[in-house]
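To start, the structure itself, in structure tokens.
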Amino acid sequence: MDLFLQNIVNGLQWGSFYALIALGYSMVYSILMLFNFAHGDVFMVGSYIGFGVATALLGFVALTGIPLPGWLILILTILFSMFITSFVGVFIERVGYRPLRDAPRASAAITGLMIGIILETGNLAILGARRLSFPQLIESVTYQFGGIYVTNKKILIVGVSLGLMYLLHRFIQKSKWGMAMRAMSFDFEVVPLMGVSINRIAPLTFAIGSALAAAAGILYGLAYPVLDPYMGILLGWKAFVAAILGGRGSILGAALAGFLLGFIEIFVAWVFPSTLRDVIAYSIILLILTFRPHGFFGQAHSTQLRL
Amino acid sequence: MQLEIKNLHVSYGKIRALHAIDFSIDKGEIVCIIGANGAGKSTTLRAISRLLPADRGSVMTFEGKNLLRYQPDKVVSQLGISHVPEGRRLFGNLTVMENLQLATFARRDKDSIARDVAQVFSIFPRLMERKSQMAGTLSGGEQQMLAVGRAYMSGRRLMLLDEPSMGLAPLLMLSMFEALKEINREGTTILLVEQNARLALKFAQRAYVLENGRLVLQGLSGELLNNPEVKKAYLGG
Amino acid sequence: MALLRVDNMTHYFGGLRAVHNYSLILEPGHIVGLIGPNGAGKTTIFNLISGIHTPTEGNIELEGHNLIGHHPHEIASMGLGRTFQNLLLWRHMTVLEHVKMACYSQLEYGIWGAFFGSRFCHQEEKRLTAKAMHLLETFDVAHFSSQLAVSLPYGAQRRVEMARAMATNPKVLFLDEPTAGMTPDELNRMISIIRKIHEEFDVAIFLIEHRLKFVMELCERIQTLVFGEVIAEGSPEETQNNPHVIEAYLGSEDIH
Amino acid sequence: MDIQDHTSQLHKKGFRARLQGFVATVPLIGWFLGFLGAVLVEYLLGDLISYYLYLPKIPVLFGLLSVLKKPLLIPGTIAYLILVYGLPILIIVKTLQKQANKLAGFLDKRPVSVAAFVHLGLFYGALHLWADMSDYRLLVLKLTMIAVMLTLSINVINGYMGEFSCSHPGFMALGAYTASTITLLFFANDKQFGDALLPETFGLYFFPLALIAGGIAAAIGALVIAIPSFRTRGDYLAIISLAFLFIVKSLIENLEFLGGPRGMSSQPHYSTLPMVFTVMVLCIWIINNFVRSTMGKALNAVRDNELAAEAMTVNTRKTKIITFMFGAFWAGVAGGLFAHVLRYVNPGSFGIQRLAEILAMVYFGGLNSVTGSIVGAVSINILSEALRPLEIYKWIIIPLLLILVMLFRPTGLIAFTEFKPKELMKPRQQFVEE
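So the protein lines, in turn, are chains A, B, C and D.
If you're matching positions, the first sequence starts at 19 in the numbering used here and goes up one per residue.
If you're matching positions, the second sequence starts at 924 in the numbering used here and goes up one per residue.
If you're matching positions, the third sequence starts at 169 in the numbering used here and goes up one per residue.
If you're matching positions, the fourth sequence starts at 873 in the numbering used here and goes up one per residue.
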């Protein structure tokens, strides 16, 4: 029982990363009907930007001697990195997606993939092959509840993710930009007739998705401090799968499916040898998609790849 | 002349849908375009609201400004031309109220927005009752009301209406046109496209007849109603 | 025996009733028209009979064979050809390829023949090409045969689509608004084309149309559909003078 | 001044027109003869010429590699290329122009198979000699041919049928492991499967069977994707195929008897150049036959409008199953060859990177086009070999190139064309008439 609850906690943490990244995929999809295949690498870039910001802040503290507490540095790191990374998203939209809005969807997918490769390689070229270790901004403390062990980092990771998701939810439900995004996901074509510029909403969506990915990147860095340029491939593709599983374009679905994927993986690894994790997790996904071809919350309309 | 269109050509790929359309509308008028399915009526409206690019050589001026210089969203927000598209195209996942609010996305005048919402609800009291309902769950008539209400919120210099009678029961149709008359009395110019020619000609002051992408006839509604050719082709006898 | 027989067909989309209690009897060699305002469910009826949707209730028979539950391609091979309102031409295929493609169920060679380019496969392809060219000549589009179908003028596209439908060797031909967007000239031409195929190929025709002139001139019988229900059925004269039809379809007389 | 400009322009035009006219009068077989001649020159005199041009050795890949490493060698390499390739080809093509056209005319009257046989024989001869000069060339050539097969086979699914399938590396892995298991089990003494069960001399003859078995394994795997494709298209199918890829990869990682993550090695040396060449030619020939037949055109109908295809009697389900299994079969065969070229495979060879590579080749070359696939596979392969000295920057340049192609030609360089071997081999009319 304790082990079960322990795995729930682990699943929550692991699912947080997937959910945060999946949200970015899903948001872009919901308004443009295109997946941003470079998104997994935006997560990686966000993590590195987080590393840079954190290092800079620590350097600032060391230089000036102003005693900033660790948690404050962490919060500043998250905020600054989210801000900076959002521009990466805007850039990707401008360069890779806007020119291809009327092109076949497959072409945009290829462009996205290629931008992803460029981000990976670019990182490798700039920083070299050595792996960076993310600075530990807060001391690790372990709490014990009955038989379960929970670290403060786990609480922080899950808390920050849930908080960001709630903020996103509020933004989408209450703000006029959120309303425009929802409208765009329903009927892309007539949105301009409401006086709404698609060329403002689309970059905004990319920016928000990228900011969330950056947050995921920093939280990931807290839990697993070793960064490498290909970290976005593993997590990004799985988060992409989660986004699809949730129902393309469904924000709630993406978040839930992200957590679900986290749970599946943690529990599979608990019951079976951990090497079987991918096989079983993906087989479950394959089965779900075979019998529910539109995911959990997706609309049952088939979009063809335009050629 | 509020809207002046000269030599408008529109093509879908290689296929030309509109050939050298010329027409103009005065402020405060109600003008309709009638014609068969596929004659190019919707295309004309979509060209005016810039959803479709016009071919080279086309001239469109609205209140002295070159319409072709404006992006579709600016046509609405800066020129005040609203468009009720064919099939209404409401945002079914948004509530009635949100549909109305979205139409004011680019507007900065907070107070008058509230006044306009009140005005929409006074024209269409049914919408008031359905305020927080999802637009997708409305009945056909209510959807049409919302579509017009949404256009009313987004811009009121010129309203383009694409088949406002489509799928409405006769009684509802009447009240819809009553409402449009009221909006017109407040000073909105109306350009509508109708398949139901008889209805449209009774409602509008002037009309243009479109056939295969060409304007073939124009005149006052009364004249056209009695024109034997129009009678034969569009009025069923 | 009726060629095509539809009994009490009803269909719901979600909770919405699109077609209610629809029946049709189409005798060999007849031309029947279906009119009604936009959104009345005319195309839905076409889609139900041709197998794209399965009706919630009701029975459909073609030459005594039940059609319910069959895939559209099976129904098409059984002898129900159709055109589409918005043409649905294949974007990257030439006119000739369109017509040959519609002979798919008549292909005699198997998959291995196609892989290894057997002599028999080549002969078959030649036979189909000849058949397709003959059809294209009938519809007067043979000179376009090697062009992309979507690049043709609209009227020619319509004729290509009809040639394609005829290539399936139909016994019943469904035409969904065959004259939409045509000039009066093209319209008259279309009337003579439909007459011609009706005589030459001995098919029964069931058509949806907006232009009354066209329906009145071609059809022996006309059904009027409003909100998914047939409100009138009869000869062109009867339909034209039916007050319900006038009210629903031609627009009610007294407004204001 | 004006007049002078005019005449010089005229002259320029004249030159280009003359060049075009000249190129147009040479039949394919003429170029093959020219290439063979050039290769012979290199074979006999290559070392000598490179020695006098102060090149360390003969430029292996047309000098693309060494030029990037040592820019000083550029003039020498260009001179070498002109001396060894440019001049001989031009001279041979020019002198044999008449004969080549006569030969092409003669072959044109025979059955296509005879003409194809002669052409391919000549081409293979030239390639064989060319590859004989360096092991590196041989490897690049084999891998390029395998890439051509992969690109073509994914084009059947992604281009001709318009699905976005991501499972090609998975199919490849199925083929590679199946074929390797068979050859290792029967014909090789190795750690995993013990001694050979059959005499090794049979091996080369049984190898095609092993390849076919690999292809069939991949085709059966393709059913996992083909069946969901009845109900869904586009993104969901993309994800199903992606999930399939991950499942295959990590399944193999978990199967100890296949070597797990360490992979399989010491496959017998069966993927010889004639073997790879023959299989590739078969692959091109069969795929081209299929996509040009009405049955194969059904793929295009399903892609462009599935509803219309159904209404026109096309059995779309059968078409989809055939397409996925057919595409997967050739990917499996290519995988089998691949395993026996490198003589080592591990699950890591069939991951996302391989997918990106294959997608890059097919979308670069052009959808719905056999020629495009060949061009895409060859150019991306050669490019990626040529840019090897740039190390990781290679993976910035190639993606950038592909993005540019997508921006300006969203369906690829040579898309939507038909590949007609018979036309290709025809004598050039203009010359014959004269």
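Every residue, glycine too, gets a C-beta built ideally from N, C-alpha and C.
No experiment lies behind these values; they were computed from the predicted model shown.
Chain C contacts made by the region 1150 to 1172 of chain D, where a contact means CB separation under 7 Å: Across the region 1150 to 1172 of chain D, CB contacts with chain C closer than 7 Å involve Ile1158, Asn1161, Phe1162, Ser1165, Thr1166, Met1167, Gly1168, Lys1169, Ala1170, Asn1172, in sequence order along the chain.
Residue burial classification, C/Asn176 (beta-carbon count within 10 angstroms, cutoff 16): Taking the first residue of the third sequence as position 1, residue 176 of chain C is located at position 8. Exposed, because fewer than 16 other Cβ atoms sit within 10 Å of the Cβ of C/Asn176.
Proximity test, Cβ basis, 8 Å: C/Arg295 and chain B: Here the question's residue 295 of chain C lines up with position 127 in the third sequence. No, its Cβ sits nowhere closer than 8 Å to a Cβ of chain B.
DSSP three-state assignment for D/Ile1286, whether helix, strand or coil: Along the fourth sequence, one-based indexing puts residue 1286 of chain D at 414. DSSP places D/Ile1286 outside both helix and strand once states are collapsed to three, so it counts as coil.
CB contact check: C/Lys210 to chain D, cutoff 8 Å: If you number the third sequence from 1, residue 210 of chain C lands on position 42. Chain D, which has no Cβ nearer than 8 Å to the Cβ of C/Lys210, makes this no.
Cβ-based contacts, 8 Å cut-off: residues of the region 248 to 259 of chain A near chain D: Ile251, Trp255, Phe258, Val259
Neighbour-count burial assignment, D/Asp874, 16 or more Cβ in a 10 Å radius: Start at 1 with the first residue of the fourth sequence, and residue 874 of chain D comes out as number 2. Note that D/Asp874 scores a pLDDT of 45, beneath 50, so its modelled location is shaky; the value from the coordinates is reported in the next line. The residue in question, D/Asp874, is exposed, as its Cβ has fewer than 16 Cβ neighbours within 10 Å.
Any 3 or more C-beta pairs closer than 8 Å across the region 225 to 238 of chain A and the region 131 to 141 of chain A: no
Neighbourhood of A/Trp255 by C-beta, 8 Å cutoff - its chain only, sequence neighbours within 5 removed: Within the first sequence, residue 255 of chain A is the residue found at index 237, counting from 1. Close CB contacts of A/Trp255 within its chain, under the 8 Å cut and outside five residues either way in sequence, are with Gly58 (chain order).
Per DSSP, the bridge partner or partners of B/Asp1085: For the purposes of this step, residue 1085 of chain B is taken as the residue at position 162 of the second sequence. Per DSSP, B/Val1116.
Sub-8 Å separation of C/Val309 and C/Lys339 beta-carbons: Walking along the third sequence from the start, residue 309 of chain C turns up at place 141. Walking along the third sequence from the start, residue 339 of chain C turns up at place 171. Not in contact: C/Val309 and C/Lys339 (Cβ atoms no closer than 8 Å).
Sequence-distant residues of its chain with Cβ nearer than 7 Å to D/Leu1057 (five each side left out): Taking the first residue of the fourth sequence as 1, we reach residue 1057 of chain D at position 185. Excluding the 5 residues flanking it on each side, D/Leu1057 has same chain C-beta neighbours closer than 7 Å at Phe1065, Leu1069, in chain order.
Given D/Lys1192 as reference, the closest of D/Ile1268, D/Ile1099, D/Ala1115, D/Ser1245 once Cα atoms are compared: In the fourth sequence, counting from the first residue as 1, residue 1192 of chain D sits at position 320. Closest by alpha carbon: D/Ile1099.
A/Gly68 versus D/Leu1123 - alpha carbon distance: The residue labelled residue 68 of chain A in the question sits at position 50 within the first sequence. The residue labelled residue 1123 of chain D in the question sits at position 251 within the fourth sequence. Cα to Cα, A/Gly68 sits roughly 35 Å from D/Leu1123.
Contact set between D/Glu1125 and chain A, taken where Cβ atoms lie within less than 9 Å: Against the fourth sequence, residue 1125 of chain D aligns to sequence position 253. Within chain A, the residues near D/Glu1125 are Thr293, Asp296, Val297.
Validate contact between the region 264 to 280 of chain A and the region 30 to 50 of chain A using beta carbons, cut 8 Å, 3 pairs: yes
C/Cys387 in three-state terms, based on DSSP: Here residue 387 of chain C refers to the residue found at position 219 when the third sequence is read from its first residue. Correct three-state label for C/Cys387: coil.
Three-state secondary structure assigned by DSSP to A/Arg242: On the first sequence, residue 242 of chain A is found 224 positions in, with the first residue counted as 1. Rather than Arg, the amino acid found at residue 242 of chain A in this sequence is Tyr. Looking at A/Tyr242 - three-state DSSP - the assignment turns out to be coil, as it is neither helix nor strand.
Where C/His311 falls: helix, strand or coil (DSSP): Here the question's residue 311 of chain C lines up with position 143 in the third sequence. Correct three-state label for C/His311: helix.
Test item: CB-CB of D/Ala1003 and D/Pro899 under 8 Å: If you number the fourth sequence from 1, residue 1003 of chain D lands on position 131. If you number the fourth sequence from 1, residue 899 of chain D lands on position 27. In this structure, D/Pro899 does not lie closer than 8 Å to D/Ala1003 by Cβ.
8 Å Cβ shell around C/Cys387 - same chain, five flanking residues per side excluded: As a working mapping, residue 387 of chain C is identified with position 219 in the third sequence. Excluding positions up to five away in sequence, the list reads Ile199, Val200, Gly201, Leu375, Pro404.
Contacting residues, own chain, Cβ-Cβ under 8 Å from C/Thr178 (five flanking each side not counted): Here residue 178 of chain C refers to the residue found at position 10 when the third sequence is read from its first residue. The residues are Arg185, Val187, His188, Asn189, Tyr190, Pro223, Thr224, Glu225, Gly226.
Neighbour-count burial assignment, A/Ile144, 16 or more Cβ in a 10 Å radius: As a first step, residue 144 of chain A must be located in the first sequence, where it is residue number 126. With fewer than 16 Cβ atoms within 10 Å of its Cβ, A/Ile144 is classed as exposed.
Bridge-paired residues (DSSP) for B/Thr1211: Given that chain B is displayed from residue 924 to residue 1160, the structure contains no residue 1211 of chain B and the question cannot be resolved.
Rounded separation between D/Leu933 and D/His1212 - CA only: Residue 933 of chain D sits at position 61 when you count from the first residue of the fourth sequence. Residue 1212 of chain D sits at position 340 when you count from the first residue of the fourth sequence. Roughly 23 Å between the two C-alpha positions.
Contiguous alpha helix (DSSP H) assignments of at least 4 residues, all confined to the region 1025 to 1097 of chain B: 1033 to 1046, 1048 to 1052, 1063 to 1077
Proximity of B/Val1139 and B/Leu1147 at Cβ, strictly below 8 Å: Within the second sequence, numbered from 1, the residue matching residue 1139 of chain B stands at position 216. Within the second sequence, numbered from 1, the residue matching residue 1147 of chain B stands at position 224. Not closer than 8 Å, so no.
Assigned secondary structure, D/Met873 (DSSP; H/G/I helix, E/B strand, else coil): For the purposes of this step, residue 873 of chain D is identified with residue 1 of the fourth sequence, where counting begins at 1. Because the pLDDT of D/Met873 is 40, which lies under 50, any placement of that residue in the model is unreliable, and the question is left without a value.
Reference A/Ala241; option with closest CA among A/Val159, A/Phe105, A/Glu283: Translated into positions along the first sequence, residue 241 of chain A becomes position 223. Of the candidates A/Val159, A/Phe105, A/Glu283, the one whose C-alpha sits nearest the C-alpha of A/Ala241 is A/Val159.
Beta-carbon proximity check, D/Ala1048 vs D/Val1234, cutoff 8 Å: Working through the fourth sequence from its first residue, we reach residue 1048 of chain D at position 176. Working through the fourth sequence from its first residue, we reach residue 1234 of chain D at position 362. No. Outside cutoff.
Test: C/Gly207 CB closer than 8 Å to a CB of chain B: Numbered from its first residue, the third sequence carries residue 207 of chain C at position 39. True, the Cβ-Cβ gap to chain B drops below 8 Å.
Complete runs of the alpha helix (DSSP H) confined to the region 1204 to 1292 of chain D [at least 4 residues]: 1224 to 1237, 1242 to 1258, 1266 to 1280
Length of the line joining the Cα atoms of C/Glu293 and C/Ser314: Walking along the third sequence from the start, residue 293 of chain C turns up at place 125. Walking along the third sequence from the start, residue 314 of chain C turns up at place 146. Rounded to the nearest angstrom, the two C-alpha atoms are 15 Å apart.
The region 1115 to 1130 of chain B in contact with the region 951 to 960 of chain B per 3-pair CB rule at 8 Å: yes
Minimum Cβ-Cβ distance from B/Ser934 to chain A less than 8 Å: Start at 1 with the first residue of the second sequence, and residue 934 of chain B comes out as number 11. Chain A contact via Cβ: absent.
C-beta neighbour in chain A for D/Arg1134, strict 8 Å: Residue 1134 of chain D sits at position 262 when you count from the first residue of the fourth sequence. No, because no Cβ of chain A sits closer than 8 Å to the Cβ of D/Arg1134.
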